[in-house]
Amino acid sequence: MEANTYQEGLLNQIAPYFSGTAYQQGKEVTLSLTDFRQKWLMLFFYGGDFTFV
Amino acid sequence: MADHYQEFQGLGVEVIAISTDSIYAHKIFAQSSPSLSKVTYPILSDHNQQIAQTYQVLNKDTGTANRAVIIISPEGLIKCILQYPNSVGRSIPELIRVIQALQFTQGNNKGAPANWQPNNEGLTIQWETVGKI
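Sequences listed follow chains A and B, in order.
According to numbering that gives the first Met the number 0, the first sequence holds residues 0 to 52 in order.
According to numbering that gives the first Met the number 0, the second sequence holds residues 0 to 132 in order.
This is the structure we're talking about:
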């Protein structure tokens, strides 16, 4: 029974909070999800630098 | 992607690129080619894989993120999740179409049916249209 634990999908759920450091135009910046409140936001996950995106 | 960023900005969409690389790798990566040096959106370092795991796009065998797109609405809701196999790249026109369709359907009672494009009227979602889509 425990193997059948149902994992709820993320669609239409509140986007989980995240924060971290990013490279942006030559600088190191700190950003978090709350910086993008009231905006459409697209997260572009990719496997690794120097691979095709 | 860098070449299409302006199109997304035109739709009022912010972009964050994310991988599990360190920010130092991001720096070298971004500065390594002329096309990448055009990138103005942030490249986030998810070095501890926490974000990829939380968003359920982590490949646990490799510790890297799958190629994935998550679209978040201004209300902070996840409105679209796309994940691709390793060997297949994304479709920017499809991403733009999804954003336009989400923005079109937001705030009205309409749906954007299969192959919806911006010049389509959309479908009014009501009892009479059930089964006719």
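No residue lacks a Cβ here, since even glycine has one placed at the ideal position from N, Cα and C.
Looking at the backbone, the Cα of A:N11 and that of B:T128 are separated by about 24 angstroms. One thing to note: B:I80 has its Cβ no nearer than 9 angstroms to the Cβ of B:I50.
For A:E27, the enclosing beta strand (DSSP E) has its first and last residue at 26-31. Straight-line spacing of the CA atoms in B:E13 and B:T63 works out to 23 angstroms. Pairing B:I91 with B:I98, the inter-Cα distance amounts to about 11 angstroms. Around the beta carbon of B:G88, fewer than 16 other beta carbons sit within 10 angstroms, so the residue counts as exposed. With a threshold of 9 angstroms between beta carbons, B:N107 makes no contact with chain A. Contacts with chain A at 9 angstroms (Cβ-Cβ) do not include B:R96. Residues of the region 5-26 of chain A with a C-beta atom less than 7 angstroms from some C-beta of chain B are L9, L10, N11, Q12, I13, A14, P15, F17, G19, T20, A21, Y22, Q23, Q24, listed in chain order.
At a cut-off of 9 angstroms, the C-beta of B:K26 has a neighbouring C-beta in chain A. DSSP places B:T53 in the uninterrupted alpha helix (DSSP H) bounded by 49-53. A:G46 is positioned such that its CB atom lies no closer than 9 angstroms to that of B:N119. Between B:I71 and A:A21, the C-beta gap is not smaller than 9 angstroms, which leaves the two residues out of contact. Chain A places a beta carbon closer than 9 angstroms to that of B:D45, counting this residue as a contact.
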